[in-house]
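Note sheet for the following structure.
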Amino acid sequence: MAHQPEPPIVKVKGGKGGSGGLGIGQGQGGRGGDGLGPTLEIGTATVHIQGGAEINIRDRDIIISWLSPINFFPRQQEISRMRQPGTGNWLLENPHFEEWKSGSTRTLWCYGIPGAGKTVLMSMVVDHLSADDRNIGVACIYLNHKEVDSQTPPKLLAALWRQLVLGKDIGSDAKDLYKQHSEKGTSPSSQEIAGILTSSLKEFSQVFIVIDAIDEYPEDQRFILLKHLTEQMGLSLSVKLMVTSRPHIPAGPTLPNVQTLEIGAMAEDIKKFVDAQIDKSPRLSQHVQNKPSLREDIHSKISGKSVDGMFLLAKLHIDSLSLKNTISKVREALNALPKGLYDSYEIVIQRIEAQSEEDRKTARSTITWVANAKRPLKIEELQVALAVEPGMRQLNEENLMNIDIILSVCAGLVIVDKESSVVRLIHFTTQEYLDSIQAVLFPDAQREITESLLTLLSFDGYPDSSWELENLPPLVEYSQYCLAHAAGQPEVQHREIILRFLGRAFQWKRAMNRVWGQGCQWNSPPWNYGHRPSQPSALWIAAAANLVETTKFLLEGAPFLQHSKNPEIIVASYYGHTKIVSILLEKGANVNAAGEEYGSAMQAATAGGHTEIIGILLEKGADVNGAGGMFRSPLQAAAAGGHTEIVTILLEKGADVNAAGGNFGSPLQVAADGGHTEIVAILLEKGADVNAARGAYGSPLQAAVARGHTEIVNILLEKYANVNAARGEYGSPLQAAAAGGHTELVSILLEKGANVNAARGEYGSPLQAAAAGGHTEIVGILLEKGADVNAVGGGYGSPLQATAAESHPEIVSILLERGANINAVAGEYGGSVQAAAA
Ligand SMILES: Nc1ncnc2c1ncn2[C@@H]1O[C@H](COP(=O)(O)OP(=O)(O)OP(=O)(O)O)[C@@H](O)[C@H]1O
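In the UniProt record's numbering, the protein residues as written are 1 to 838.
Following this line, the structure appears as structure tokens:
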């Protein structure tokens, strides 16, 4: 008998996904839809995961990598391996730590000086907590100033989620997000990611979230990330947070039950570490074998003041001894140990400079690349970067240098993460030190990098239409930063190759987009600008990339041919390139030229929050109400971005507080959606219509309710917002509150006279919305207030069908007890039994 192929299996039952946020601004997701039922593509391989469910492995991997491109597991492992076994136990025994782990402390804020050993200790904490058998979730984030562009708050929240669903069902909401966004090429908003994170947290009796180096994260991003985490901690009491930071950042005021703890290198740990390093070093171990007292001498010098609470300093000291040829040279070095970190780095630089010409050159180039890279480089990228020479037409493989040689000539300043093959400076403080000496020691860094990248981009046959992600030549993806490196001095020195590249830049962008689905994309500015002209001129790209000298040069020799749609002035305003905006205006740019994504330069500048540019544009006669674009008015763009100061300026200049249009219909609705309380108050004071019945939510009140912004809801109600406004996605504010599980808001709205049986919107009734979402308490409140248990309508047909389809047995019992008709025939499933079986 012929072998029958196994039937494909997908046993993950999909449900009706909750509505996502209404995405606004670049890079944010659009409005979430309703994925009814399972629609994942089928395959044949299945995996059994906790809870008995089965899921196709390939689909699961694809969704996980798509939702969370950042994977912290390898980083955690790499750092953990760095730790000297036996060190750090003091932290696990510390009463504040114990109180955090098992007691009432919910946030442990660990601060310590640079190089104290905080990161390494965090990896130990993660290992320690993960080893617990109880039903405990552990997730960590290692922040890195070099990865700020990729470590956005939504991606970090997704990275936490990824760790928490390890070996578990990823949940129907995650699959729905994938369905909603992946084909369109949009990405989920923070709110949507927060939603799936909240669901994953519910799977554990206790969840520990560990965030390392919050000080390396920019203030505005830090605020957003901590706000999201605080919200998660508010939603679930089982979530505990541990954060490390240098001392200058205080614990966020909104974090619950905070305990602070100082981290410093303990004498006992340093001793263990130094002992191990002596034994690992061929030369030092030999010296100590010949002269056992040397070990004690080393300990007495590498301790106390000479280390000053910094593990890193101990490491640099012992590294500097490990290459000494004789015992007396070791002693000499011990007697002249550098006083602090910078002194230690200076000595390493002296060692580098004392090498042969060739080694010195290699070390300088390596440090130049690693210290100035816009994101961490992989080993093979660095190898190619060092191999490219001016004027080359193709890569000479014989120029590629062995990574061990590269590391050795850098005398310990550069290291490699073995798991991820990423090349890094040994420490964040190394970056700070190198930045301080860059102008003197590496004055040509940006010029060298620009030249190499542009040389690579002009190789014969590049870009190649047959490239796929797997065969993309190293450094090609990184080359998207060529213009970012070029801005400034290199523009003048490399004018010719820059102009040549600008002429074919979008050919490159298109080639890179072709492999986008596989994760490779030129997506940093200026390539990530949404609506650009179909054939952007060299001038457009120069303006978008903030190439001031090039822009001037291009405008000097020829007439200013600005693009008629999405012109230079709009993109420069969006990215906040003040000088470029001034130059373009001086040369006659139309200050009110029209764009697609942003209807005008004013709107682009307000969306980006660039106050100075707004001043310049207004001075040149920009229309304060310039219509069109995604936000329809600059005021709406400013309100969406939460830019309070700009909102005030625009209103002072006569902006229409009720300008209609856009996804949200009015500036007030967009501010209510974003939770910008101060802006809501300002707009209302200036006469904003509290009941403007427009936009996706139909009213500002529904927007605020749907997003759970209680303070704004109260402000709007005080201003007589219509509690039964009958429009928008949910048909009533009460339905929005019920769908979102906002119990407090449900009570507030009912108190203010909300109609408990308003028969409209996506769910047909508030009760159906609460039943579908599994919000038992809200179901109880609504029934108590007279909700019709058999109300017909909405996506599911009835409350009973909604809750049966979504498998909430507790709510099924409640509804049946209240007289729900199990035989009613209506809606998508045609009956409650059918819904339960779906
Ligand atoms: N327990 C340990 N075992 C072995 N090496 C350690 C240990 N702790 C720290 N180190 C060494 O010291 C270096 C600095 O430690 P770490 O990065 O943890 O400091 P930090 O306090 O996080 O510094 P910063 O605040 O500047 O980021 C590490 O890169 C590692 O080489």
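Where a beta carbon is used, it is the ideal one built from N, C-alpha and C, also for glycine.
All values reported here derive from a predicted model rather than from experimental measurement.
Sequence-distant residues of its chain with Cβ nearer than 7 Å to residue i (five each side left out)
{"i": "Thr-450", "result": "Cys-482, His-485, Ala-486, Pro-490 and His-494"}
{"i": "residue 843", "result": "There is no way to answer for residue 843, as the model of the chain reaches only from 1 to 838."}
{"i": "Met-1", "result": "Because the pLDDT at Met-1 is just 34, under 50, the model does not fix this residue reliably, and the point stays unresolved."}
{"i": "Gly-609", "result": "Gly-641, His-643 and Ile-646"}
{"i": "residue 882", "result": "Residue 882 lies beyond the range of the chain shown here (1 to 838); nothing can be said about it."}
{"i": "Val-680", "result": "Leu-668, Ala-671, Ala-672, Ile-712 and Ile-715"}
{"i": "Gly-86", "result": "Lys-272"}
Identity of the residue in the options nearest residue i by Cα
{"i": "Trp-527", "options": "Ile-569, Gly-488, Gln-480 and Leu-555", "result": "Gln-480"}
{"i": "Asp-308", "options": "Gly-115, Asp-464 and Leu-229", "result": "Gly-115"}
{"i": "Ile-406", "options": "Ala-387, Glu-419, Glu-397 and Asn-396", "result": "Ala-387"}
{"i": "Phe-97", "options": "Leu-160, Phe-208 and Ala-671", "result": "Phe-208"}
{"i": "Pro-766", "options": "Ala-445, Leu-160 and Gly-794", "result": "Gly-794"}
{"i": "Glu-380", "options": "Gly-391, Gln-507, Gly-412 and Leu-395", "result": "Leu-395"}
{"i": "Thr-254", "options": "Phe-223, Gly-264 and Ser-245", "result": "Phe-223"}
{"i": "Ala-725", "options": "Ala-739, Ala-703, Ile-712 and Gly-740", "result": "Ala-703"}
{"i": "Ser-524", "options": "Glu-477, Leu-635, Val-690 and Leu-815", "result": "Glu-477"}
{"i": "Ser-104", "options": "Arg-83, Ser-130, Arg-331 and Pro-256", "result": "Pro-256"}
{"i": "Leu-717", "options": "Gly-753, Asp-173, Asp-435 and Arg-632", "result": "Gly-753"}
{"i": "Glu-556", "options": "Leu-177, Arg-694 and Ile-583", "result": "Ile-583"}
{"i": "Phe-73", "options": "Trp-66, Gly-117 and Val-126", "result": "Val-126"}
{"i": "Leu-441", "options": "Gln-350, Arg-510 and Phe-459", "result": "Gln-350"}
{"i": "Ile-616", "options": "Phe-560, Asn-658, Val-591 and Asn-755", "result": "Val-591"}
{"i": "Ala-139", "options": "Thr-776, Leu-683, His-128 and Glu-397", "result": "His-128"}
Endpoints, the alpha helix (DSSP H) within which residue i is located
{"i": "Phe-664", "result": "Careful: Phe-664 lies outside any alpha helix (DSSP H) and carries neither H nor E."}
{"i": "Met-122", "result": "118-130"}
{"i": "Met-233", "result": "219-235"}
{"i": "Trp-100", "result": "95-102"}
{"i": "Trp-540", "result": "538-544"}
{"i": "Phe-273", "result": "267-280"}
{"i": "Pro-634", "result": "634-641"}
{"i": "Leu-784", "result": "Reading off the sequence shown, one finds Glu at residue 784, where the question assumed Leu. Taken as a continuous stretch (DSSP letters only), the alpha helix (DSSP H) holding Glu-784 covers 776-784."}
{"i": "Gly-557", "result": "548-557"}
{"i": "Trp-369", "result": "357-372"}
{"i": "Ser-80", "result": "73-82"}
{"i": "Trp-508", "result": "495-514"}
{"i": "Asn-714", "result": "710-718"}
Residue i burial status per 10 Å Cβ neighbour count (16 or more: buried)
{"i": "residue 896", "result": "The chain is shown only over 1 to 838; residue 896 falls outside these bounds and no answer can be derived."}
{"i": "Pro-733", "result": "buried"}
{"i": "Phe-428", "result": "buried"}
{"i": "Ala-385", "result": "buried"}
{"i": "Pro-218", "result": "exposed"}
{"i": "Ala-558", "result": "exposed"}
{"i": "Ala-820", "result": "buried"}
{"i": "Gly-654", "result": "exposed"}
{"i": "Gln-289", "result": "exposed"}
{"i": "Asp-269", "result": "buried"}
Residues near residue i by beta carbon distance below 6 Å, same chain, minus five either side
{"i": "Gln-206", "result": "Ile-136 and Ser-238"}
{"i": "Ala-344", "result": "The sequence as given places Ser at residue 344; Ala does not occur at that position. Closer than 6 Å at the Cβ level, and outside the excluded window around Ser-344, lie Leu-316 and Pro-338."}
{"i": "Met-266", "result": "Trp-90"}
{"i": "Ser-306", "result": "Leu-337"}
{"i": "Thr-677", "result": "Glu-711 and Ile-712"}
{"i": "Leu-359", "result": "Per the sequence shown, residue 359 should be read as Asp rather than Leu. Val-409, listed in sequence order."}
{"i": "Pro-247", "result": "Tyr-111"}
Residues bridged to residue i (per DSSP)
{"i": "Arg-424", "result": "Ile-415"}
{"i": "Gly-698", "result": "Answer by DSSP bridge pairing: none, since Gly-698 is not bridged."}
{"i": "Ala-139", "result": "Ile-209"}
{"i": "Gly-629", "result": "Tyr-598"}
{"i": "Thr-107", "result": "Leu-241 and Val-258"}
{"i": "Gly-797", "result": "Gly-793"}
{"i": "Leu-377", "result": "Val-423"}
Boundaries (first-last residue) of the beta strand (DSSP E) holding residue i
{"i": "Ala-487", "result": "Looking at the DSSP string, Ala-487 is not in any beta strand (DSSP E), and its letter there is neither H nor E."}
{"i": "Gln-768", "result": "Where Gln-768 is concerned, there is no enclosing beta strand (DSSP E), although the alpha helix (DSSP H) it sits in stretches over 766-773."}
{"i": "Gln-259", "result": "258-262"}
{"i": "Val-243", "result": "239-245"}
Cutoff 8 Å; reference residue i; Cβ partners in own chain excluding five residues on either side
{"i": "Ser-322", "result": "Gln-277, Ser-281, Arg-283 and Leu-284"}
{"i": "Arg-818", "result": "Leu-783 and Val-789"}
{"i": "Pro-463", "result": "Val-476, Gln-507, Trp-508, Ala-511 and Met-512"}
Check: residue i C-beta below 7 Å from any heavy atom of ligand 3
{"i": "Arg-83", "result": "For ligand 3, the structure offers nothing, since it holds only ligand 1."}
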